[in-house]
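Colleague: In our numbering, the protein residues as written are 809 to 1196.
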């Protein structure tokens, strides 16, 4: 079992992954301490978390929320800071052993890089980090002797299936997807779906951004790109399978034809717990998986005509360079616009396609290239919005 208490920095402690990480820390206080917690806007919940968990440092990204946060914590002996640079500093503190990167979207990239440079173990829940900068991140992991343990249920499943196996014997990754709430809808029906329809995921309770990405299948495209970098494989070696029961979280196939799968109930506490405690396993109070309840587990191929964003992800990673960064920037604008009822569900792929085609392509990228690409991609995506 874990010998020493781990000090955990949670980047995005007020979101879905962050709050569930704190659930586990609360259940095992002898094993883990929330040393640093951060949030974007939600200072009220952040303050409640700080009062309960007594971290060394609390950081809010939104400068307008700094004063009320400081007032709420005036009687606590906690360092209170504000801004993106302070989030990165918190992730790099000497006493921090592991950084849970649960920030949403592109915003998680730079703090993750700083944590890697500080040699921290990264419990990665921010898939956009590897989508945008997979090549740069993998190089930094080697340079600074840092490790990533995946938190996404699918990547955790693959990671678990590969423990004790030779990576050279891996033939294929079978990445499962629930199919989201619109799996059975035709293209005409997709024209009519609402934001509330898209947020009604059949199996998982996630934040709004990830839930919309799941409905559009963009989430699975991002996970495919993430898997390519995490497990050092080609996109052609990753197969997407729609699995509506969400019980088989992913599988790996070896050269001898054997397939290993990781199964479990749809509960993010399980992969988060595994990441925090690896290589050990902690007891869970989740309801055990009862396969007789399901009777049949089904698998089917995704429909790229109805869900073109998944195909765009394969295109982006095959071409490489800054195209995955462009894809991510466009998708962030598309999702925010859909959530604000500015565009329809089927217009999201149109916005992304336009941005991918219009944003200048750079093959050999640096971090500065990606920073500039993200800004340019967002700009061009917003130009599309003005004409529609």
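Even for Gly, the Cβ is constructed at its ideal location relative to N, Cα and C.
Take residue 892 and list the residues in its own chain whose beta-carbon comes closer than 8 Å to its own, dropping the five residues that flank it on each side.
Modeller: Start at 1 with the first residue of the chain shown, and residue 892 comes out as number 84. If we look at residue 892 and ignore the five residues flanking it on each side, its Cβ neighbours are 869, 915, 918 and 919.
Colleague: Cβ atoms of residue 1178 and residue 941: under 7 Å apart, would you say?
Modeller: Counting from 1 along the chain shown, the entry for residue 941 is found at position 133. Counting from 1 along the chain shown, the entry for residue 1178 is found at position 370. Yes.
Colleague: Output the distance between the C-alpha atoms of residue 1104 and residue 1072, rounded to the nearest integer angstrom.
Modeller: The residue given as residue 1104 occupies position 296 in the chain shown. The residue given as residue 1072 occupies position 264 in the chain shown. Using only the alpha carbons, I get a separation of about 15 Å.
Colleague: Can you confirm whether the region 997 to 1010 touches the region 1125 to 1133 when touching is taken to mean that 3 or more C-beta pairs between the two stretches lie within less than 8 Å?
Modeller: Judged by Cβ distances under 8 Å, the region 1125 to 1133 makes no contact with the region 997 to 1010, as fewer than three pairs qualify.
Colleague: Quick check on this structure: which residue in 816, 1173, 1110 and 890 has the alpha carbon closest to the alpha carbon of residue 902?
Modeller: For the purposes of this step, residue 902 is identified with residue 94 of the chain shown, where counting begins at 1. Per the Cα distances, 816.
Colleague: Could you check whether residue 1110 and residue 1046 sit closer than 7 Å to each other, using their CB atoms as the reference points?
Modeller: On the chain shown, residue 1046 is found 238 positions in, with the first residue counted as 1. On the chain shown, residue 1110 is found 302 positions in, with the first residue counted as 1. Not a contact, by the Cβ cut-off of 7 Å.
Colleague: Drop a sphere of 10 angstroms on the beta-carbon of residue 1061, count the other beta-carbons inside from all chains shown, and report buried for 16 or more, exposed for fewer.
Modeller: In the chain shown, counting from the first residue as 1, residue 1061 sits at position 253. Classification of residue 1061: buried, given that the 10 Å Cβ count is 16 or more.
Colleague: Could you tell me which whole alpha helix (DSSP H) segments of length 4 or greater appear in the region 873 to 917?
Modeller: 874 to 880 and 892 to 899, all fully within the region 873 to 917.
Colleague: With residue 979 as the anchor, note down where its beta strand (DSSP E) starts and where it stops.
Modeller: Stepping through the chain shown from its first residue, residue 979 is reached at position 171. Element bounds for residue 979: 978 to 985.
Colleague: Is it right to say residue 962 is buried, meaning 16 or more other beta carbons lie within 10 angstroms of its own, or is it exposed?
Modeller: On the chain shown, residue 962 is found 154 positions in, with the first residue counted as 1. Under this definition residue 962 is a buried residue.
Colleague: Could you please give me the residues that DSSP links to residue 958 through a beta bridge?
Modeller: Here residue 958 is taken as the residue at index 150 of the chain shown, counted from 1. The partner list for residue 958 (beta bridge, DSSP) reads 932.
Colleague: Please report the Cβ distance between residue 1106 and residue 1053, rounded to the nearest whole angstrom; I am assuming they are in contact, meaning their Cβ atoms lie under 8 Å.
Modeller: For the purposes of this step, residue 1106 is taken as the residue at position 298 of the chain shown. For the purposes of this step, residue 1053 is taken as the residue at position 245 of the chain shown. 7 Å between Cβ atoms; contact.
Colleague: How far does the beta strand (DSSP E) with residue 1197 in it extend, from its first residue to its last?
Modeller: The shown model of the chain, from 809 to 1196, leaves out residue 1197, and the question about it has no answer.
Colleague: With distances taken Cα to Cα, identify the nearest neighbour of residue 846 among 840, 827 and 839.
Modeller: As a working mapping, residue 846 is identified with position 38 in the chain shown. Per the Cα distances, 827.
Colleague: Under 8 Å by Cβ, that's how I've got residue 966 and residue 981 pegged, so tell me the actual separation to the nearest angstrom.
Modeller: Locating residue 966 in the chain shown gives position 158, counting from the first residue. Locating residue 981 in the chain shown gives position 173, counting from the first residue. About 6 Å separates the two Cβ atoms, so the contact holds.
Colleague: Would you kindly check if the distance between the Cβ of residue 867 and the Cβ of residue 898 is under 7 Å?
Modeller: Counted from its first residue, the chain shown places residue 898 at position 90. Counted from its first residue, the chain shown places residue 867 at position 59. In contact: residue 898 and residue 867 (Cβ atoms closer than 7 Å).
Colleague: Can you give the Cα-Cα distance for residue 1191 and residue 1026, rounded to whole angstroms?
Modeller: In the chain shown, counting from the first residue as 1, residue 1191 sits at position 383. In the chain shown, counting from the first residue as 1, residue 1026 sits at position 218. If you take the alpha carbons of residue 1191 and residue 1026, they lie about 21 Å apart.
Colleague: Does DSSP put residue 841 in a helix, in a strand, or in coil?
Modeller: Counting from one through the chain shown, the residue named residue 841 turns up at place 33. In this structure, residue 841 counts as strand in the three-state DSSP scheme.
Colleague: Count the CB pairs spanning the region 943 to 953 and the region 973 to 990 that are closer than 8 Å, and state whether there are at least three.
Modeller: With the cut-off at 8 Å, the region 943 to 953 and the region 973 to 990 do not touch.
Colleague: Run through DSSP, which three-state label would residue 1073 get?
Modeller: As a first step, residue 1073 is located in the chain shown; it is residue number 265 there, counting from the start. Of the three classes helix, strand and coil, the one that applies to residue 1073 here is coil, per DSSP.
Colleague: Jot down the residue ranges of each uninterrupted alpha helix (DSSP H) in the region 1104 to 1135, minimum 4 residues, whole runs only, in chain order.
Modeller: List check, alpha helix (DSSP H) in window: 1116 to 1127.
Colleague: Could you tell me if residue 871 is buried or exposed, where buried requires 16 or more neighbouring beta carbons within 10 angstroms of its beta carbon?
Modeller: The residue given as residue 871 occupies position 63 in the chain shown. Classification for residue 871: exposed.
Colleague: Just to confirm the assignment, what range does the beta strand (DSSP E) spanning residue 1058 have?
Modeller: Along the chain shown, read from residue 1 onward, the residue named residue 1058 stands at position 250. Counting along the chain, the beta strand (DSSP E) containing residue 1058 begins and ends at 1056 to 1062.
Colleague: Take residue 995 as the anchor and find which of 894, 1017, 1116 and 1089 has the nearest alpha-carbon.
Modeller: For the purposes of this step, residue 995 is taken as residue 187 along the chain shown, with counting starting at 1. It is 1116.
Colleague: Restricting to Cα atoms, I'd like to know which of 874, 1087 and 881 is closest to residue 862.
Modeller: Here residue 862 is taken as the residue at index 54 of the chain shown, counted from 1. Of 874, 1087 and 881, the residue nearest in Cα terms is 881.
Colleague: Can you find the residues in the same chain that come closer than 6 Å, C-beta to C-beta, to residue 1030, ignoring five residues on each side of it along the sequence?
Modeller: Here residue 1030 corresponds to residue number 222 of the chain shown, with the count starting at 1. These residues qualify, in order along the chain: 935 and 939.
Colleague: Helix, strand or coil: how does DSSP classify residue 817 here?
Modeller: Taking the first residue of the chain shown as position 1, residue 817 is located at position 9. Strand at residue 817.
Colleague: Taking the alpha-carbon positions, what's the residue 929 to residue 988 distance?
Modeller: Taking the chain shown and counting its residues from 1, the one referred to as residue 929 is at position 121. Taking the chain shown and counting its residues from 1, the one referred to as residue 988 is at position 180. Rounded to whole angstroms, residue 929 to residue 988 spans 31 Å at the Cα level.
Colleague: Counting along the chain, where does the alpha helix (DSSP H) carrying residue 1175 start and finish?
Modeller: Here the question's residue 1175 lines up with position 367 in the chain shown. Looking at the DSSP string, the run of the alpha helix (DSSP H) that includes residue 1175 is 1175 to 1194.
Colleague: Quickly, what does DSSP pair residue 966 with across the bridge? List them, please.
Modeller: On the chain shown, position 158 is the one that residue 966 refers to. Residue 966 pairs with nothing; no bridge assigned.
Colleague: Under the three-state reduction of DSSP, which class applies to residue 847: helix, strand or coil?
Modeller: Within the chain shown, numbered from 1, the residue matching residue 847 stands at position 39. Reduced to three states, the DSSP call for residue 847 is strand.
Colleague: Do residue 896 and residue 820 have their C-beta atoms closer together than 7 Å?
Modeller: Reading the chain shown from its first residue, position 88 is the one you call residue 896. Reading the chain shown from its first residue, position 12 is the one you call residue 820. Result no, Cβ atoms of residue 896 and residue 820 do not sit closer than 7 Å.
Colleague: Within a Cβ cutoff of 8 Å, which residues of the same chain sit near residue 1041, ignoring the five residues on either side of it in sequence?
Modeller: Translated into positions along the chain shown, residue 1041 becomes position 233. Correct list, in chain order: 978, 981 and 1035.
Colleague: Under a Cβ-count criterion, where at least 16 other Cβ atoms within 10 Å of its own Cβ denotes burial, should residue 997 be classed as buried or exposed?
Modeller: Against the chain shown, residue 997 aligns to sequence position 189. So residue 997 counts as exposed.
Colleague: Who pairs with residue 1048 in a beta bridge, going by DSSP?
Modeller: Numbered from its first residue, the chain shown carries residue 1048 at position 240. Paired residues: 983.
Colleague: What does the alpha-carbon distance come out to for the pair residue 887 and residue 1085?
Modeller: What you label residue 887 is simply residue 79 of the chain shown in a count that begins at 1. What you label residue 1085 is simply residue 277 of the chain shown in a count that begins at 1. Roughly 27 Å between the two C-alpha positions.
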